[in-house]
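My numbering puts the sequence shown at residues 2 to 240.
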Amino acid sequence: MPGSGRAEPILLIHGFASSHIVNWVSPGWVKTLTEAGYRAIAFDNRGHGLSSKSYDPADYTAEKMAGDAAALLDHLGIARAHVMGYSMGARIAAFMALVTPEKVATLVFGGLGYGMVDGVGDWDPIAEALLAPEADKITHRRGKSFRAFADLTRSDRKALAACISTSRGLLTEAEVGRIMQPTLVAVGTTDDIAGAAAPLADIMPNAESFDIEGRDHMLAVGDGTFKKRVLEFLADNPI
Numbered sequence: 002m003p004g005s006g007r008a009e010p011i012l013l014i015h016g017f018a019s020s021h022i023v024n025w026v027s028p029g030w031v032k033t034l035t036e037a038g039y040r041a042i043a044f045d046n047r048g049h050g051l052s053s054k055s056y057d058p059a060d061y062t063a064e065k066m067a068g069d070a071a072a073l074l075d076h077l078g079i080a081r082a083h084v085m086g087y088s089m090g091a092r093i094a095a096f097m098a099l100v101t102p103e104k105v106a107t108l109v110f111g112g113l114g115y116g117m118v119d120g121v122g123d124w125d126p127i128a129e130a131l132l133a134p135e136a137d138k139i140t141h142r143r144g145k146s147f148r149a150f151a152d153l154t155r156s157d158r159k160a161l162a163a164c165i166s167t168s169r170g171l172l173t174e175a176e177v178g179r180i181m182q183p184t185l186v187a188v189g190t191t192d193d194i195a196g197a198a199a200p201l202a203d204i205m206p207n208a209e210s211f212d213i214e215g216r217d218h219m220l221a222v223g224d225g226t227f228k229k230r231v232l233e234f235l236a237d238n239p240i
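Structure, rendered in structure tokens:
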């Protein structure tokens, strides 16, 4: 924080079909966190953005993607950081907290609530939509939405289809209950993908929930009240 002589690091893990630019730079998160005195660290998950692409679903388990995040901290010589993930990134952050808890000081789960446990619906049609030769013939609502987002971000749709088939590994309530770090769970009140925030926070020993009023899964990311609440949470839980 300003005046402390060091900038606390916060690792930012983006969501499915997104990138560090789309999820964290464009919505103003990097600017917000940096101006508040934090060292914001953002990267592209495997299969996304400028990172390497694989078409093998076995390469996209949440455990492997969490390993990438932990390896980045090691590469940067950072022993411990705040970790914030959105949607798929929140799931990766949860796995990171379970596998390498010593590296995770606090957690922010954005855009993923109880869906971390129950999955919130059928995601297989999204993979089909990503691989469909003609986007205008997709009829599945969620599939159509993610296909449009993938096209907008000029993503490798074949890599994303492989990713979504295996990156959705669920955690049991017992596993979520073993996450001991201070955690903020934030979900938009009109988000029909994430699952509610409070039920997930309620099964964690040191978590709190925040409802991002009037925001759906896509619009909650850059919400001003979300940013304000995250800064308050980080200030209350310094490394």
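We put the CB at the ideal spot given by N, CA and C, even for glycine.
For S19, the three-state secondary structure derived from DSSP is coil. Contact between the region 70-81 and the region 101-120 is present, with at least three C-beta pairs closer than 8 Å. Look at V222 here: in three-state DSSP terms it is coil, with no helix or strand label.
Apart from the 5 residues on each side of it in sequence, P200 sits with its Cβ closer than 6 Å to the Cβ of Y115 in its chain, given in chain order. Taking C-beta separations shorter than 6 Å and ignoring five residues to either side along the sequence, the partners of F110 in its chain run A91 and V186, following chain order.
Under the three-pair Cβ rule at 8 Å, the region 146-164 counts as touching the region 34-48. In the DSSP assignment, the residues bridged to P10 are R40. With respect to the 8 Å criterion, T184 and E214 are not classified as neighbours on the basis of their beta carbons. Comparing alpha-carbon positions, the option among I194, I22, P58 and G112 lying closest to R142 turns out to be I194. Counted as a single uninterrupted DSSP element, the stretch harbouring G114 is not any alpha helix (DSSP H), since DSSP gives it neither H nor E. Of G178, P134, F234 and M89, the smallest CA-CA separation from M219 is found for M89. It is roughly 12 Å from the alpha-carbon of H83 to the alpha-carbon of A70. Under the 10 Å beta carbon count, E233 is surrounded by fewer than 16 other beta carbons and is classified as exposed.
Secondary structure at T167: helix, using DSSP grouped into helix, strand and coil. In the structure shown, G68 falls within a helical segment according to DSSP collapsed to helix, strand and coil. In the displayed model, E209 falls within a strand according to three-state DSSP. Taking the CA atoms as reference points, I42 sits about 15 Å from L51. Counting the other CB atoms within 10 Å of its CB gives R158 a total of 16 or more, which places it among the buried residues. Contact check for R179 and L113: beta-carbon distance about 17 Å, past the 8 Å limit, so the pair fails to qualify.
Ranking S55, T33, T140 and Y87 by CA distance to the CA of D217 puts Y87 first. The residue from G223, A160 and D119 with its alpha-carbon nearest to that of E176 is D119.
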